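Notes follow once the structure below has been shown.
Take a look at the structure:
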């Protein structure tokens, strides 16, 4: 990954949020402490000041006798009225004192002194011991005060901030994290939505890549996939076109000589012929028609089986459609002397989702079969049927039925096409055939 | 001479045969082997019959060009290409599409229908007791010598029948062809108009001979 990309990545962003948060929390704690606790400079601590001043005063005593020391005590007592001050001279006697506690002995031996120093060291009361003129031969002077009477090392100020800044900081961090993930979630949802969009050809549509991070890479990968899918669809369409073209050309090439055969037979038929020759010409004529139908059905069947026959279903009024089919076939049946029985009534659902051209093909094949196999019955019926569970269009004849071997075979492909088309359009069909006739129903279940 | 027909077909035997048949019916046929010289003949033609697979420019391209220049010139495609796609493309500009191997009688019938539809024939049509001059639609009862006058709608309906002579027209087809709006199931308008039309045209409106009722389907006017 390039450096720029790495910087733009979600990982980098997430890490920067985490690091900022960690830094921010430190800053928050320190900052809050600074705001909340007022800390005095250590140099200025009162105890230190006292210690220094006591030693200094002790050092600077001119004549460390009772008088001087009492003067010094008086001065200190002015500043610290509650401090206890006393002097133990070089003989261990308590020579002077102020505010003395009852437990201070009159005589100090070495053991007591050591014990006293040990007890007071870094303890409460705060105690400073100094030698006048820095000379132990004058004994020592002691300053004692309860620590609570002195100024503390720090004080709490702005305590309200404590209750505001820390929660606010946490809320801020949570908000930033939430917004970050909300951003990711939004983009993932957008991506999902975009992936679900389909073009008119049923293929997904490429996505606009807006950022170069991990989701952006996912989008690019998706776009690449869409591109490949389109390529593959294009290839498939080209193959389909080639196949259709091949079949169309084959059909064309078969029909051209067939047309010539018919042309010659027709020309021949206009001559004065013997009855046998006339029959031969008629036979050629019939065979041409039969070949034509067979080629047509075979082509349709091949295309249909390869799922390459154009299929465009639409909500279609089938009663009306059926009427137009029988209208087109009427002259043919009329010429053959058929009784044409059309009873097209309304259906519970007369609009079916079917391809009208496919329906036409189905009925053409059914009518064709009646002409070819049920001519003897001299009857063609086209009726609507309405039951509780389905609507149907029925083609009826009074031929000898399917069991009877017709003189003309080859109904197989025609009915195979009917079967494939009916099923593909989500319809059903049924044949009821007996010696007295056949009923074929094209059924639409509700 | 009935009509001047421009016929474009590269296949020798079929071309000769069709030309012969149409000529026998009284038409004047100009047969060309390709579409290149078609341009010069268009002005004098009543109808064009076009094959699809031709050397050079194919029949679809030629047909589209002709239709663009002369929308009033009927075109009949005559092809061995039977795929639905081909028919759909052909009928996007052509007025009829007949597939090979066709029967010459069917070709003749379709040519006649097209010529009538485009009023290319000043035909005098005789239907039972009626004589009809198709170009100005004068209808005369030649038994009485009286001219029959129709109202606007009746005239439109009867003309529609004559344009689709011998064809069975469903009531939907007829209504939508004449009124130009979708037929509503159960609408009696057409039936009422047909009844009035029959009262004017038929000798005995109870047993019509001119406008046949085809039970369960529609109507037909037959020559």
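Residue numbers (our numbering), protein chains in the order written: chain A, 1 to 446; chain B, 1001 to 1223. Quick reminder that beta carbons are idealized off the backbone N, C-alpha and C, glycines included. Every value quoted in this text rests on a predicted model; they were computed, and no experiment measured them.
{"Query": "Could you compute how far the alpha carbon of residue 1147/B sits from the alpha carbon of residue 1132/B?", "Result": "10 Å"}
{"Query": "Run through chain B and tell me which residues come within less than 8 Å of residue 396/A, C-beta to C-beta.", "Result": "In chain order: nothing, as chain B lies at least about 13 Å away."}
{"Query": "Give every residue of the same chain whose Cβ lies closer than 7 Å to the Cβ of residue 59/A, excluding the five residues on either side of it in the sequence, and list them in chain order.", "Result": "133 and 134"}
{"Query": "Could you tell me whether the Cβ of residue 1080/B comes closer than 8 Å to any Cβ of chain A?", "Result": "yes"}
{"Query": "What are the boundary residues of the beta strand (DSSP E) that residue 97/A is part of?", "Result": "94–98"}
{"Query": "At a Cβ threshold of 8 Å, is residue 1019/B touching chain A?", "Result": "no"}
{"Query": "Let me see if you follow: with CB-CB separation under 8 Å, is residue 1189/B close to chain A or not?", "Result": "no"}
{"Query": "Looking at the strands, I want to know which residues DSSP matches up with residue 314/A.", "Result": "354/A"}
{"Query": "Does the distance from the C-beta atom of residue 1130/B to that of residue 1119/B stay below 8 Å?", "Result": "no"}
{"Query": "Please work out which residues of its chain come closer than 7 Å, Cβ to Cβ, to residue 199/A, disregarding the five sequence neighbours upstream and downstream, and give them in chain order.", "Result": "205"}
{"Query": "How far does the beta strand (DSSP E) with residue 1028/B in it reach, from first residue to last?", "Result": "1028–1032"}
{"Query": "Name, in chain order, the residues that DSSP records as bridge partners for residue 1077/B.", "Result": "1050/B and 1097/B"}
{"Query": "Whole angstroms is fine: what's the gap from residue 1158/B's alpha carbon to residue 1125/B's?", "Result": "13 Å"}
{"Query": "So, helix, strand or coil for residue 271/A, using DSSP?", "Result": "coil"}
{"Query": "Is residue 1133/B helix, strand or coil by DSSP?", "Result": "strand"}
{"Query": "Please classify residue 1154/B as buried or exposed, where buried requires at least 16 neighbouring CB atoms within 10 angstroms.", "Result": "buried"}
{"Query": "Starting from the Cα of residue 130/A, find the closest Cα among 210/A, 71/A and 54/A and give me that residue.", "Result": "54/A"}
{"Query": "Please look up how many angstroms separate the CB atoms of residue 414/A and residue 297/A, rounded, as I've assumed it's under 8 Å.", "Result": "5 Å"}
{"Query": "For residue 309/A, which residues from the same chain have a beta carbon less than 7 Å from its beta carbon, with the 5 sequence-adjacent residues on both sides left out?", "Result": "300 and 303"}
{"Query": "Using C-beta distances below 6 Å, list every residue in its chain close to residue 227/A, excluding the 5 sequence neighbours before and after it, in chain order.", "Result": "none"}
{"Query": "Distance, Cα to Cα, residue 366/A vs residue 437/A?", "Result": "14 Å"}
{"Query": "What is the DSSP secondary structure of residue 304/A, reduced to helix, strand or coil?", "Result": "helix"}
{"Query": "Whose CA, out of 229/A, 418/A, 174/A and 247/A, lies closest to the CA of residue 1085/B?", "Result": "247/A"}
{"Query": "With the cut-off set at 8 Å, would you say residue 1047/B and residue 1038/B are in Cβ contact?", "Result": "no"}
{"Query": "Work out the CA separation of residue 1185/B and residue 368/A for me, nearest whole Å.", "Result": "29 Å"}
{"Query": "Taking the alpha-carbon positions, what's the residue 345/A to residue 1059/B distance?", "Result": "43 Å"}
{"Query": "Enumerate in chain order the residues of its own chain whose CB-to-CB distance from residue 220/A is below 8 Å, with the five nearest sequence positions on each side excluded.", "Result": "209"}
{"Query": "Suppose the cutoff is 8 Å on Cβ atoms and the five residues either side in sequence are ignored; what does the same chain contact list for residue 1003/B look like?", "Result": "1027, 1028, 1046, 1047, 1111, 1115, 1120 and 1121"}
{"Query": "Please name the residue in 120/A, 34/A, 283/A and 144/A whose C-alpha comes closest to that of residue 98/A.", "Result": "144/A"}
{"Query": "Going along chain B, which residues have a C-beta under 9 Å from residue 296/A?", "Result": "1082 and 1099"}
{"Query": "Which residue marks the beginning of the alpha helix (DSSP H) containing residue 1171/B, and which one marks its end?", "Result": "1171–1179"}
{"Query": "Taking Cβ-Cβ distances shorter than 7 Å, what residues in chain B pair up with residue 13/A?", "Result": "Under the 7 Å cutoff, chain B gives no residues; its nearest Cβ is about 55 Å from residue 13/A."}
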